[in-house]
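The next block holds one structure in the form of C-alpha cells; read it before the comments.
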Amino acid sequence: MNFQIVMLLGQDGITNGAIYALLALSILLVFTVTRILLIPQGEFVAFAALTMAAMQGGTPVRLGWLLLALSAAAMVMDIHAAWRRDGRPAVRRGSVLGVGYAAALTALTTLVPLGDAGVAVQALVTMALIVPLGLALYRVFYQPIAAAHPLVLLIVSIAVHVVLVGIGLLMFGPEGARTEPFSDGGLRLGMVMLNSQTIWVVAVSLGLILGLYLFFERSLYGKALRAAAVNRLGAELVGISPELAGKASFALAALIGSLSGILIAPITTIYYDSGFIISLKGFVGAIIGGLASYPVAALGALLIGQAESFSTFWASSYKEVIVFTLILPVLVWRSLSHHGAEDEE
Amino acid sequence: MFAKKLAVSLLFGALAAGAAAPADAQVKVGVVTSSTGPIALVGIPQKNSVPLLPTSVGGQSVQYITLDDGSDPTATVAAFKKLITEEKVDAIIGPSGSPNAMGVIQFAAEAGVPMLAPVGTAAVVLPMTEQKKWVFKTTQNDDLIAEALLAHMEKIGIKSVGFIGTADPYGDNWLKVFGEGAAKRGIKLLASERFQRQDTSLTAQGLKILSASPDAVLIAAPGSSSVLPQTTLYDQGYRGKVYQTHGAALPDFLKLGGKKVEGTILAASLMLVLDQVPDSHPSKKIASDYVAAYEKQNGSKPATFGANVYDAGLLLERAIPVALKGGEPGSAAFRGALRDALEQVKELPATQGVYNLTAADHSGFDERGRELITVSGGKWTLVK
Numbered sequence: 001m002n003f004q005i006v007m008l009l010g011q012d013g014i015t016n017g018a019i020y021a022l023l024a025l026s027i028l029l030v031f032t033v034t035r036i037l038l039i040p041q042g043e044f045v046a047f048a049a050l051t052m053a054a055m056q057g058g059t060p061v062r063l064g065w066l067l068l069a070l071s072a073a074a075m076v077m078d079i080h081a082a083w084r085r086d087g088r089p090a091v092r093r094g095s096v097l098g099v100g101y102a103a104a105l106t107a108l109t110t111l112v113p114l115g116d117a118g119v120a121v122q123a124l125v126t127m128a129l130i131v132p133l134g135l136a137l138y139r140v141f142y143q144p145i146a147a148a149h150p151l152v153l154l155i156v157s158i159a160v161h162v163v164l165v166g167i168g169l170l171m172f173g174p175e176g177a178r179t180e181p182f183s184d185g186g187l188r189l190g191m192v193m194l195n196s197q198t199i200w201v202v203a204v205s206l207g208l209i210l211g212l213y214l215f216f217e218r219s220l221y222g223k224a225l226r227a228a229a230v231n232r233l234g235a236e237l238v239g240i241s242p243e244l245a246g247k248a249s250f251a252l253a254a255l256i257g258s259l260s261g262i263l264i265a266p267i268t269t270i271y272y273d274s275g276f277i278i279s280l281k282g283f284v285g286a287i288i289g290g291l292a293s294y295p296v297a298a299l300g301a302l303l304i305g306q307a308e309s310f311s312t313f314w315a316s317s318y319k320e321v322i323v324f325t326l327i328l329p330v331l332v333w334r335s336l337s338h339h340g341a342e343d344e345e
Numbered sequence: 001m002f003a004k005k006l007a008v009s010l011l012f013g014a015l016a017a018g019a020a021a022p023a024d025a026q027v028k029v030g031v032v033t034s035s036t037g038p039i040a041l042v043g044i045p046q047k048n049s050v051p052l053l054p055t056s057v058g059g060q061s062v063q064y065i066t067l068d069d070g071s072d073p074t075a076t077v078a079a080f081k082k083l084i085t086e087e088k089v090d091a092i093i094g095p096s097g098s099p100n101a102m103g104v105i106q107f108a109a110e111a112g113v114p115m116l117a118p119v120g121t122a123a124v125v126l127p128m129t130e131q132k133k134w135v136f137k138t139t140q141n142d143d144l145i146a147e148a149l150l151a152h153m154e155k156i157g158i159k160s161v162g163f164i165g166t167a168d169p170y171g172d173n174w175l176k177v178f179g180e181g182a183a184k185r186g187i188k189l190l191a192s193e194r195f196q197r198q199d200t201s202l203t204a205q206g207l208k209i210l211s212a213s214p215d216a217v218l219i220a221a222p223g224s225s226s227v228l229p230q231t232t233l234y235d236q237g238y239r240g241k242v243y244q245t246h247g248a249a250l251p252d253f254l255k256l257g258g259k260k261v262e263g264t265i266l267a268a269s270l271m272l273v274l275d276q277v278p279d280s281h282p283s284k285k286i287a288s289d290y291v292a293a294y295e296k297q298n299g300s301k302p303a304t305f306g307a308n309v310y311d312a313g314l315l316l317e318r319a320i321p322v323a324l325k326g327g328e329p330g331s332a333a334f335r336g337a338l339r340d341a342l343e344q345v346k347e348l349p350a351t352q353g354v355y356n357l358t359a360a361d362h363s364g365f366d367e368r369g370r371e372l373i374t375v376s377g378g379k380w381t382l383v384k
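Residue numbers (the UniProt record's numbering), protein chains in the order written: chain F, 1 to 345; chain L, 1 to 384.
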C-alpha cells in the first residue's frame with residue numbers, strides 16, 4: 001500500500017461518496033418535509049442511467065409510457081377528488097397539462113432517435129422525464145395518505161419501490177448498461193491521474209449542493225419548504241400548502257436522483273435493480289446525520305464512500321458488511337446522547 | 001365460399017379435437033424459471049425457449065406448464081410442490097438459479113420426479129447421492145471449462161494468475177475448481193478478489209490485482225457483471241491476458257466492453273461462434289436451428305441460458321419413448337423409467353455439445369461441449 005494506491009482509493013471513495021451525499025440530501029429533504037422515507041429514490045438513479053443508455057444504444061426508450069400512465073392516473077384522481085369535494089367532477093388545468101406533457105415527451109422519445117443528439121441533450125431529456133415522474137409518484141401514491149403515520153408511509157414506500165423495480169425490468173430488460181463518458185482524458189496532478197468523470201461528479205455535486213443551499217436560504221419557496229419541515233401544522237396555518245411542499249420535495253428528489261444516475265452511468269454498469277443498494281448507502285449517510293442535519297448527512301455519505309473504497313481493498317468479500325456495520329456505532333451513540341427526544345412521532 | 005371455408009375449418013377443428021382426445025395420457029412437464037428478480041437475465045431466455053420445446057414425442061403429446069419463481073428459492077420450492085402435487089408432472093425443467101436448484105433437489109427426489117436443471121453449479125449433480133440421482137444438469141461443469149482455460153494458459157507460458165470473482169456460489173466454485181487445477185499445473189494464484197454484481201466501482205479490487213502483477217487475470221462472473229472488472233483493469237493500465245468463464249458468453253459482453261475487452265480468452269459452448277465451427281461438429285446444425293427459431297419468435301438472439309433449457313427438451317425427447325415401455329405417463333412407474341432412460345442417454349447431440357450420461361455423471365459433456373473463443377476485432381472468434 002503506497003501513496004499512489006491511497007490516492008486512487010481516495011479518489012474512488014470521493015466519486016462514490018459524492019453520489020451518496022446527493023442521495024442522502026434528497027432522502028433527508030423528502031423525510032423532513034413529508035415524513036416519507038423515500039425508498040424508491042434509487043429507482044430515479046437507475047431509471048435515469050438506463051434511459052440515457054437506451055438513447056445512446058438506440059433501443060426504445062419506454063420511460064415515457066410509465067410517466068404517461070402515472071399522469072393519467074393522477075388526472076383521474078384529481079377528477080375524483082374534485083367530485084368528492086364539490087359534488088361534481090371537474091378537470092384541473094394542471095393535470096391536463098401533465099398528461100399533455102407526458103404524451104408529448106413519450107412521442108418525442110419514441111419517434112425521434114436521440115442517439116446522436118449529444119450528452120447534454122440526452123441528459124436534459126432524461127431529467128425532463130424523471131422529474132415529473134417524481135411529481136406523479138407523489139400525487140398518485142402519497143398525497144391521498146399524506147397525513148398517515150410514518151410507518152404507513154414507509155410501507156407504501158417499500159411497495160412503490162418493489163413495483164418500480166418490476167416495471168424497470170419490463171422497461172429496460174435484465175441486462176446491465178453503461179453510457180459514454182462525458183469527456184475523455186483526465187487531469188494529471190503530480191503522480192496521480194484524476195479521472196475526468198470524477199471531476200464531473202465532484203463539480204456537479206458541489207454545484208448542486210450550493211444550489212440547494214441558495215434555494216433554501218434565499219428563495220421564498222425554499223423557506224416555505226423549510227417551514228413545512230420544521231412544523232407541518234404551523235406551516236399550513238400560515239398558508240403553505242402541504243400538497244405543494246410534498247410535490248416540490250419529490251420533484252427535487254427526482255431531479256437529484258436523475259442527476260446522480262446520469263453522473264454514474266459512465267463509470268459503472270447499472271442494472272434495473274441497482275438503484276436500491278446505491279440509495280441505501282445514501283440512506284446510511286442520512287442516518288448518520290440523524291435524519292435531521294444536512295451537513296452531517298453529506299459528511300456521513302462521504303465517509304461511507306471512503307469506508308467502502310478502502311474496505312474493498314483490504315477485504316473485498318466483506319465490503320458490504322463493513323459499510324453497513326458502520327451504522328451500528330452511530331445508532332448506539334445517537335441513542336445514548338439523545339434521551340428519546342425523537343419519540344414524539 | 002365463406003361457408004365452405006367455415007366447414008373446412010370446422011372439420012379440421014373436429015379432427016384436431018379428436019386427435020387431442022386421448023390427452024389424459026399425455027406427458028406433462030413442469031418448467032420453473034426465474035423470469036423476474038435478480039437473475040432474470042438467465043430466466044428470460046429460458047422462459048422464451050419453452051415454446052420451442054418438442055410438443056409431441058413417441059406418439060404422445062407433451063404439455064409444458066411454466067411457472068416463475070421470481071429468483072426466490074422459497075418460491076422455487078412452492079412452484080415445485082405445486083407442479084408435483086397439483087399438476088402431477090412427469091418431469092421438471094428448471095429452476096434457473098443454483099441456490100434455487102439446491103433447495104428443491106430433496107422434493108424432486110422424494111416425489112420421484114426427474115429434474116433437469118439448467119444451472120451453473122456442479123454441486124447439483126456432484127458428489128452423486130441417493131437424492132441427486134433424480135437430477136440431471138444441462139450445462140457444462142465448471143471444471144470442464146476451467147481445464148480448457150488452464151491448458152491455454154500453460155500453452156502460452158503463463159506462470160501466475162490473479163482471480164476476480166463474484167461473491168456468490170458461482171465465484172466460490174470457480175475459485176475452488178480453478179485454484180485446484182492451477183496448483184496441479186504449477187500456475188501460481190497470486191490474488192483472489194471478490195465483488196457484488198451491483199457494485200458501482202471495482203477500483204480497489206483492480207488495484208489489489210495490479211499490485212500483485214500476475215501474468216494473467218481470470219474473471220469469474222455471470223452475465224454482464226463480468227465486464228466491469230475487465231474494463232476497470234484496462235483503465236488502470238493492466239495489459240496482461242484476461243480470461244473469462246462461460247458466464248461471460250453473451251452478446252452484451254461485447255456491447256458493454258467495447259474495445260477494452262479485445263483479446264479476452266474464454267471457453268464456452270459453440271453458440272457464440274456458430275458460423276466458424278466446421279460443419280462436421282455434431283452440435284452445429286441443432287444449435288443453428290435453435291438460434292434461428294428463437295430469433296424468429298423473439299426478435300433477438302438467445303443467451304446460452306435458453307439453450308440449456310432447449311437441451312433439456314432434447315434429452316426428454318430421447319428418453320420419453322424408452323420410458324413409455326415402463327409405464328403410462330402420469331404414473332410413478334413412468335417417472336422411474338424416465339429417470340433410468342435419461343441416465344442411459346448416449347451420444348445425444350444438442351445445442352451445447354454431446355451428452356453421454358452415466359450413473360455417475362449426470363452432466364455428461366466432453367470436450368465437444370466447449371470451444372476456446374477470443375475477442376478479435378470486436379467479434380467472437382474461434383481460437384484455432
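The beta-carbon is built from N, C-alpha and C at its ideal position, and this holds for glycine as well.
In DSSP terms, what residue i is bridged to
| i | result |
| --- | --- |
| L/Q63 | L/K28 |
| residue 403 of chain L | In the structure as shown, chain L begins at 1 and stops at 384. Residue 403 of chain L is therefore absent and cannot be evaluated. |
| L/D68 | L/T33 |
| L/W380 | L/V375 |
| L/Y349 | According to the sequence displayed, residue 349 of chain L carries Pro and not Tyr. Beta-bridge pairing links L/P349 to L/V354. |
| L/V217 | L/G162 and L/V242 |
| L/L189 | L/V161 |
Beta-carbon proximity of residue i to residue j, cut-off 9 Å
| i | j | result |
| --- | --- | --- |
| L/Q198 | L/M271 | no |
| L/A108 | L/I93 | no |
| L/V291 | L/V375 | no |
| F/A248 | F/I130 | no |
| L/G237 | L/L210 | yes |
| L/L218 | L/L202 | no |
| F/G115 | F/L302 | no |
| F/V30 | F/L38 | yes |
| L/R339 | L/G112 | yes |
| L/L342 | L/L315 | yes |
| F/M75 | F/S95 | yes |
| F/I278 | F/G42 | yes |
| F/V99 | F/S71 | yes |
| F/A24 | F/A298 | yes |
| F/R35 | F/M77 | no |
Proximity to residue i [Cα-Cα], best of the options
| i | options | result |
| --- | --- | --- |
| F/A120 | F/A148, F/F44, F/Y138 and F/L259 | F/L259 |
| L/F178 | L/D168, L/L150 and L/I158 | L/L150 |
| F/I27 | F/V140, F/S157, F/S317 and F/G118 | F/S157 |
| L/I65 | L/D279, L/H362, L/T358 and L/P51 | L/P51 |
| L/I145 | L/V277, L/A122 and L/A359 | L/A122 |
| L/I320 | L/P114, L/T74, L/S35 and L/A79 | L/P114 |
| F/K281 | F/L326, F/A245, F/I240 and F/P266 | F/L326 |
| L/G157 | L/T138, L/A182, L/W134 and L/P169 | L/A182 |
| L/A293 | L/P54, L/G30, L/V32 and L/K88 | L/P54 |
| L/S61 | L/N308, L/P329, L/M153 and L/I164 | L/P329 |
| F/L133 | F/A297, F/A245, F/G239 and F/F250 | F/F250 |
| F/A48 | F/A265, F/I278, F/Y294 and F/V330 | F/A265 |
| F/V330 | F/P144, F/A286, F/S317 and F/P295 | F/A286 |
| F/M52 | F/L124, F/Y221, F/R88 and F/T15 | F/L124 |
| F/T32 | F/A228, F/G87 and F/G207 | F/A228 |
| L/G30 | L/G59, L/G369 and L/Q63 | L/Q63 |
- request: Spell out a yes or no on whether the segment 299 to 319 of chain F and the segment 254 to 273 of chain F are touching, meaning 3 or more CB-CB pairs, one atom from each, closer than 8 Å.
  value: no
field: Complete beta strand (DSSP E) runs within the segment 112 to 160 of chain L (minimum length 3 residues, chain order)
entry: 115 to 117 and 135 to 137
task: Please determine if the segment 266 to 286 of chain L and the segment 241 to 255 of chain L are in contact, where contact requires at least 3 C-beta pairs separated by less than 8 Å.
output: yes
- prompt: Would you say the segment 272 to 282 of chain F touches the segment 162 to 178 of chain F, given that touching needs at least three Cβ pairs under 8 Å?
  reply: yes
task: Pair every Cβ in the segment 149 to 164 of chain F with every Cβ in the segment 223 to 240 of chain F, then say whether three or more of these pairs are closer than 8 Å.
output: no
- prompt: At a cut of 8 Å, does the segment 125 to 134 of chain L reach the segment 349 to 364 of chain L through at least three beta carbon pairs?
  reply: yes
message: If contact is defined by three or more beta carbon pairs under 8 Å, each pair taking one atom from either stretch, is the segment 303 to 312 of chain L in contact with the segment 365 to 384 of chain L?
response: no
task: Quick one: which unbroken beta strand (DSSP E) runs of 3-plus residues sit fully inside the segment 141 to 204 of chain F? Chain order, please.
output: 186 to 189 and 192 to 195
Contained alpha helix (DSSP H) runs [length at least 4] in the segment 293 to 329 of chain F, N- to C-terminal order: 294 to 314 and 319 to 325
Alpha helix (DSSP H) runs contained entirely in the segment 15 to 87 of chain F, provided each spans 4 or more residues: 41 to 57 and 63 to 86
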